[in-house]
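Quick notes on the structure that follows.
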Amino acid sequence: MNHIDTRGKTAIVGIGTAGCGEAPGMSELELLGLATHAALEDAGLKIKDIDGLCTANLNIAMWPLNVSEYLGIHPTFVEGTNIGGSSFIAHQKPATLALLSGQCNAVLVCYGSNQRTSKFGRKERSIARNSLDPSIFEDPYHPFDPPSSYALIAARHMYEYGTTRKHLAEVALAARKWAQLNPEAFSRDPLDLDTILNARMISDPFTIYDCCQVTDGAGAYIITLSDKAKDLKKKPVFILSNETAVWHRSVSNMKDLTITPSKESGERAFNAAKISHRDIDVVQVYDAFTINTILALEDLGFCKKGEGGEFVNNGSIAPGGKLPVNTNGGGLSCVHPNMYGAFATIEAVRQLRGECSLRQVANAKTALINGNGGTSASSQSTSILCTQEIL
Amino acid sequence: MIYSTTTVRRKIDSGGDYNVCLVDLEEGVRVMGNVIELNSNDVYIGQKVDLSIEHIDGIQKVVFRSSKLKK
Numbered sequence: 001m002n003h004i005d006t007r008g009k010t011a012i013v014g015i016g017t018a019g020c021g022e023a024p025g026m027s028e029l030e031l032l033g034l035a036t037h038a039a040l041e042d043a044g045l046k047i048k049d050i051d052g053l054c055t056a057n058l059n060i061a062m063w064p065l066n067v068s069e070y071l072g073i074h075p076t077f078v079e080g081t082n083i084g085g086s087s088f089i090a091h092q093k094p095a096t097l098a099l100l101s102g103q104c105n106a107v108l109v110c111y112g113s114n115q116r117t118s119k120f121g122r123k124e125r126s127i128a129r130n131s132l133d134p135s136i137f138e139d140p141y142h143p144f145d146p147p148s149s150y151a152l153i154a155a156r157h158m159y160e161y162g163t164t165r166k167h168l169a170e171v172a173l174a175a176r177k178w179a180q181l182n183p184e185a186f187s188r189d190p191l192d193l194d195t196i197l198n199a200r201m202i203s204d205p206f207t208i209y210d211c212c213q214v215t216d217g218a219g220a221y222i223i224t225l226s227d228k229a230k231d232l233k234k235k236p237v238f239i240l241s242n243e244t245a246v247w248h249r250s251v252s253n254m255k256d257l258t259i260t261p262s263k264e265s266g267e268r269a270f271n272a273a274k275i276s277h278r279d280i281d282v283v284q285v286y287d288a289f290t291i292n293t294i295l296a297l298e299d300l301g302f303c304k305k306g307e308g309g310e311f312v313n314n315g316s317i318a319p320g321g322k323l324p325v326n327t328n329g330g331g332l333s334c335v336h337p338n339m340y341g342a343f344a345t346i347e348a349v350r351q352l353r354g355e356c357s358l359r360q361v362a363n364a365k366t367a368l369i370n371g372n373g374g375t376s377a378s379s380q381s382t383s384i385l386c387t388q389e390i391l
Numbered sequence: 001m002i003y004s005t006t007t008v009r010r011k012i013d014s015g016g017d018y019n020v021c022l023v024d025l026e027e028g029v030r031v032m033g034n035v036i037e038l039n040s041n042d043v044y045i046g047q048k049v050d051l052s053i054e055h056i057d058g059i060q061k062v063v064f065r066s067s068k069l070k071k
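Right under this line is the structure:
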């Protein structure tokens, strides 16, 4: 396959969040609008400068229309692909190609959800989605999804590799320790391994602490060509690569429950970025469930398959550990408004700009972000970002 | 053979806990189903189960029973 070389040719120039946690009374468009406003301010751009739009919504099929109308923009590039929470990472390559082709000059990637406080909330939406998009070979058996599908994945990983519930709990605890350093994180209360291990089971082997939070929140960021980025307000964060892999939809069609599409997206992303794992300073992975972090670290090549449990053990990915992972607190403790990809990206940008105060990773120059999508790690999208020095 | 298994926790008054599993059939396909007539906590990966298709809740469903319980 011949690729256009996109390495470092585009950059993230503005980021914004809104309503992370609880935002009662706010619509999804209003939240998205506030995050967009913050991203524009951050970049020093105006809404009239935006001529590219990447967005998706879990419940609304023609969401780019809703967003274009609400923001009052007439984009010449629209990307509405929805492959789950990884979408807002997977949007980066199409956006990059559109910018390089001259189709547009500034792309807004944006998302907003009020799933926590809306009267038509997560439960009602799940029922509606199951009616509109049934999984005919799974629904009759009532998996409590997404937890049950990821629980099946975790159970198989434990069986094959000796991964333990304590390993899973280490992921939850590390996320909480990072969250305690992040004023924007929703769950910052003290937590310990015993509390996690003895908590109420949801779908074995997961307790409530193995499952991401249900929050409101919106995230937005802006991508331009790197040449243009240098003239804007903030230090640009360059996109070295973005690669996406899509393998299946339902867990019963996942060939090997212990291997995710990150193996493919990660390999492609590292090859395109032309850097190695040793060069990565900070990692943001979509931790929908604790097993996701372990799977991602294995499939992306930070450790061997089956060694993810030991890799995260004893605080190794927590503050002060050997590899900083999910420094905002992740979906487990920071924010998880249904689809998380934008927030992993935004935290990576904040780290590479050096804006993270207590949780700042010293001299962070490279970041890997990995999105997870669907109810069984169905799609994965990996990006490698960097500062000017690495280009 | 059970490929993976989970116990979905549910309140007693909503029907109690139940099993959801993935089973690799000898024919070479993998299907989701429920193991019945056995405490879900006693279902384990590698366990041999027998498949039957039964009319439950108005639809034809795949159910599994432990091979040891075979009548």
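Just so you know, the protein sequences line up as chains A and B, in that order. Letter 269 of the first sequence, counting from 1, is numbered 269 in the numbering used here, and no numbers are missing. Letter 27 of the second sequence, counting from 1, is numbered 27 in the numbering used here, and no numbers are missing. Backbone N, C-alpha and C define an ideal beta-carbon position, used for all residues, glycine too.
Unbroken stretches of the beta strand (DSSP E), 3 residues or longer, contained in the region 183 to 215 of chain A: Whole beta strand (DSSP E) segments, 3+ residues: 201 to 203.
Cα-Cα separation between residue 31 of chain B and residue 289 of chain A, rounded to whole angstroms: Going by the C-alpha atoms only, they are around 23 Å apart.
Residue 3 of chain A, DSSP secondary structure in three states: When secondary structure is reduced to three states using DSSP, residue 3 of chain A falls in the coil class, being assigned neither helix nor strand.
Under 9 Å from the C-beta of residue 201 of chain A: neighbouring residues of chain B: Taking a Cβ-Cβ threshold of 9 Å, the residues of chain B close to residue 201 of chain A are 7, 9 and 17, in chain order.
Bounding residues of the alpha helix (DSSP H) (the contiguous stretch that carries residue 158 of chain A): Going by DSSP, residue 158 of chain A is part of the alpha helix (DSSP H) stretching over 147 to 161.
Delimiting residues of the beta strand (DSSP E) encompassing residue 55 of chain B: Counted as a single uninterrupted DSSP element, the beta strand (DSSP E) harbouring residue 55 of chain B occupies residues 49 to 56.
Counted within 10 angstroms of its Cβ, other Cβ atoms place residue 29 of chain B as buried (16 or more) or exposed: Exposed, since its Cβ has fewer than 16 Cβ neighbours within 10 Å.
Chain A within 8 Å of residue 28 of chain B, Cβ atoms only: Output row for residue 28 of chain B: interface = no.
Terminal residues of the alpha helix (DSSP H) in which residue 345 of chain A lies: From DSSP, the alpha helix (DSSP H) with residue 345 of chain A extends over 341 to 353.
Partners in chain A for residue 4 of chain B, counting only beta-carbon separations shorter than 8 Å: For residue 4 of chain B, the neighbours in chain A by C-beta distance under 8 Å run, in chain order, 152, 153, 155, 156, 159 and 257.
DSSP-derived helix/strand/coil call for residue 65 of chain B: In the structure shown, residue 65 of chain B falls within a strand segment according to DSSP collapsed to helix, strand and coil.
Short CB-CB distance (under 8 Å) between residue 248 of chain A and chain B: False, the Cβ-Cβ gap to chain B never drops below 8 Å.
Inter-residue CB distance, residue 382 of chain A and residue 239 of chain A (contact presumed, cutoff 8 Å): Actually they do not touch by this definition, with Cβ atoms about 12 Å apart.
Residue 320 of chain A Cβ short of 7 Å to the ligand HEM heavy atom set: Among the components modelled here there is no ligand, and therefore nothing to report on the ligand HEM.
Chain-order list of residues whose beta-carbon lies under 6 Å from that of residue 250 of chain A (same chain, five-residue window excluded): If we look at residue 250 of chain A and ignore the five residues flanking it on each side, its Cβ neighbours are 135 and 138.
Beta-carbon proximity of residue 49 of chain A to residue 76 of chain A, cut-off 8 Å: In this structure, residue 49 of chain A keeps its C-beta atom at 8 Å or more from the C-beta atom of residue 76 of chain A.
Nearest neighbour of residue 22 of chain A, chosen from A:390, A:118, A:71 and A:321 [CA to CA]: In this structure, A:118 is the residue among A:390, A:118, A:71 and A:321 with its C-alpha nearest to the C-alpha of residue 22 of chain A.
Local conformation of residue 359 of chain A per DSSP, three classes: Reduced to three states, the DSSP call for residue 359 of chain A is helix.
Buried versus exposed call for residue 74 of chain A [16 or more other C-beta atoms within 10 Å across all chains shown]: By the beta-carbon neighbour count (other beta carbons within 10 angstroms, threshold 16), residue 74 of chain A is exposed.
Beta-ladder partner(s) of residue 257 of chain A, from DSSP: When DSSP reads this structure, residue 257 of chain A sits in no beta bridge, so it has no partner.
Residues of the region 44 to 57 of chain B whose Cβ lies closer than 7 Å to any Cβ of chain A, in chain order: Of all residues in the region 44 to 57 of chain B, 45 have a Cβ within less than 7 Å of some Cβ in chain A.
Proximal residues of chain B, C-beta to C-beta of residue 397 of chain A below 9 Å: Coverage of chain A is limited to positions 1 through 391, which leaves residue 397 of chain A absent and any answer about it impossible.
One or two residues paired with residue 24 of chain B in a DSSP bridge: BP columns for residue 24 of chain B point to B:30.
Beta carbon of residue 185 of chain A nearer than 8 Å to that of residue 317 of chain A: No, the pair does not count as a contact, with Cβ atoms beyond the cut-off.
CB contact check: residue 5 of chain A to chain B, cutoff 8 Å: Output row for residue 5 of chain A: interface = no.
Among A:55, A:67, A:181 and A:357, the one whose alpha carbon lies nearest that of residue 90 of chain A: Looking at the Cα atoms, A:55 is the closest of the given residues.
Three-state secondary structure assigned by DSSP to residue 70 of chain A: If DSSP states are grouped into helix, strand and coil, residue 70 of chain A belongs with the helices.
Chain-ordered neighbours of residue 59 of chain B on chain A, where CB pairs are closer than 8 Å: Within chain A, the residues near residue 59 of chain B are 140.
Rounded straight-line distance, which links the Cα of residue 15 of chain A to that of residue 355 of chain A: In a straight line, the C-alpha of residue 355 of chain A is about 12 Å away from that of residue 15 of chain A.
Proximity test, Cβ basis, 8 Å: residue 372 of chain A and chain B: So no, residue 372 of chain A is outside the interface.
Reduced DSSP secondary structure (H/G/I, E/B, other) of residue 321 of chain A: It is coil, neither helix nor strand.
Neighbour-count burial assignment, residue 168 of chain A, 16 or more Cβ in a 10 Å radius: Buried is the call here.
Residue 284 of chain A, enclosing beta strand (DSSP E) - first and last residue: Judged by DSSP secondary structure, residue 284 of chain A falls within the beta strand (DSSP E) whose first and last residues are 282 to 285.
Rounded C-alpha distance that separates residue 50 of chain B from residue 20 of chain B: Residue 50 of chain B and residue 20 of chain B have their alpha carbons spaced roughly 15 Å apart.
CB contact flag (residue 257 of chain A, residue 165 of chain A, <8 Å): Cβ atoms of residue 257 of chain A and residue 165 of chain A: not closer than 8 Å.
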